[in-house]
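Peer 1: Could you have a look at this structure, given as structure tokens, before my questions?
In my numbering, the protein residues as written are 549 to 812.
Below is the structure:
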């Protein structure tokens, strides 16, 4: 456990050294947030000031919370593990004293913690100044919101890991990553609130882990759901985290056997 926390802290420190990239990321995140806010606010205005439960302030809050989560959940996916598999460096990772998935998770948490603080909160402050945002005042809601963020990062990590682990059998995973990223950004509720989907697509989306990555933490932090309603939503997040963790573990074990058969 001590090794896990040391790796987490080292990952946080590593990303904190990229100051120029952080500033550039904050600027880009803020600009795209303004673009998204203008589009959603126009949609709400066209609908008469309210669209499926979202008024102007709630729509703006949705946008800026989504922008805050963009970097921590890594909504555009990663390819580092897939590249290490293709290059053979994964063999070194498998020999480390800390399990492969725990190692990657510790690095993910450290990276996400920095990205949330350095690239997530500043755009929210920009949004609060320019469009206004609505956040809960109840401390319990904040605690549940932080838990929802942690589970969102965990679910996103595990789903992305499944895509990366496909590299054990697929020589080129770029296409798979592109498809996954497109589906994730749509069904997670990052592009538009899931409530704005057609009813049939809402039902389909709720049967996937994607809403747990973005929509659920936004709903909890924006107080769109009460504390009593937030608990089942967080429970669904935890359920998906467990299911995906088992799937990632099983896929890794199959991948290790495949690596050994091929001469690893």
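The beta carbon of each residue, even a glycine, is placed where N, CA and C say it ideally should be.
Between which two residues does the alpha helix (DSSP H) harbouring residue 600 extend?
Peer 2: Residue 600 -> no alpha helix (DSSP H), and no H or E assigned at all.
Peer 1: Only counting the same chain, and skipping five residues up and downstream in sequence, which positions put a Cβ closer than 6 Å to that of residue 657?
Peer 2: 556
Peer 1: Under 6 Å Cβ to Cβ from residue 563, same chain only, skipping five residues before and after it: list those, please.
Peer 2: 659 and 662
Peer 1: For residue 671, count the other beta carbons within 10 Å of its own beta carbon; 16 or more makes it buried, fewer makes it exposed. Which is it?
Peer 2: By the beta-carbon neighbour count (other beta carbons within 10 angstroms, threshold 16), residue 671 is buried.
Peer 1: Are the Cβ atoms of residue 612 and residue 681 separated by less than 8 Å?
Peer 2: Their beta carbons are under 8 Å apart, which means residue 612 touches residue 681 by this criterion.
Peer 1: Do residue 700 and residue 760 have their CB atoms nearer than 8 Å?
Peer 2: yes
Peer 1: Hey, how far is the Cα of residue 609 from the Cα of residue 666?
Peer 2: 19 Å
Peer 1: Do residue 751 and residue 649 have their CB atoms nearer than 8 Å?
Peer 2: no
Peer 1: For the alpha helix (DSSP H) that contains residue 708, what are its first and last residues?
Peer 2: 687 to 713
Peer 1: Would you identify the three-state DSSP class for residue 788, choosing helix, strand or coil?
Peer 2: helix
Peer 1: Using only the alpha-carbon positions, how far apart do residue 709 and residue 566 sit?
Peer 2: Cα to Cα, the separation comes out at about 24 Å.
Peer 1: Pull up the CB-CB distance for residue 704 and residue 765, whole angstroms please, since I reckon it's below 8 Å.
Peer 2: Contact flag wrong, Cβ pair sits at about 11 Å.
Peer 1: Going by DSSP in three states, residue 681 sits in which element: helix, strand or coil?
Peer 2: DSSP places residue 681 in coil when its eight states are reduced to three.
Peer 1: Does the stretch 627 to 643 come close enough to the stretch 767 to 776 to have 3 or more Cβ pairs within less than 8 Å?
Peer 2: Flag = no, the stretch 627 to 643 and the stretch 767 to 776 do not touch.
Peer 1: Which residues in the same chain as residue 758 place their Cβ atom closer than 6 Å to its Cβ, once the five residues preceding and following it in sequence are excluded?
Peer 2: 732, 735 and 736
Peer 1: Out of curiosity, what's the CA-to-CA distance linking residue 706 and residue 692?
Peer 2: 21 Å
Peer 1: Out of curiosity, what's the CA-to-CA distance linking residue 804 and residue 716?
Peer 2: 8 Å
Peer 1: Return the Cβ separation of residue 573 and residue 630 in integer angstroms, given the expectation that the two are a contact with Cβ distance under 8 Å.
Peer 2: That pair is no contact at about 23 Å.
Peer 1: Please say whether residue 551 and residue 683 have beta carbons closer to each other than 8 Å?
Peer 2: Result no, Cβ atoms of residue 683 and residue 551 do not sit closer than 8 Å.
Peer 1: Evaluate residue 559 with the Cβ neighbour count: other Cβ atoms within 10 Å of its Cβ, from every protein chain shown; 16 or more gives buried, anything less gives exposed.
Peer 2: buried
Peer 1: Going by CA-CA distance only, name the one from 721, 632, 616 and 714 that's closest to residue 669.
Peer 2: 616
Peer 1: Would you decide whether residue 622 is buried or exposed? Buried here means 16 or more other CB atoms lie within 10 Å of its CB.
Peer 2: buried
Peer 1: Out of 749, 713, 739 and 586, state which residue places its alpha-carbon closest to the alpha-carbon of residue 800.
Peer 2: The option with the nearest alpha carbon to residue 800 is 713.
Peer 1: With DSSP run on the structure shown, which of helix, strand or coil describes residue 720?
Peer 2: coil
Peer 1: For residue 741, count neighbouring C-beta atoms within 10 Å of its own C-beta (all shown protein chains included) and say buried if the count is 16 or more, exposed if not.
Peer 2: buried
Peer 1: Starting from residue 648, trace the alpha helix (DSSP H) in both directions and tell me its first and last residue.
Peer 2: 648 to 663
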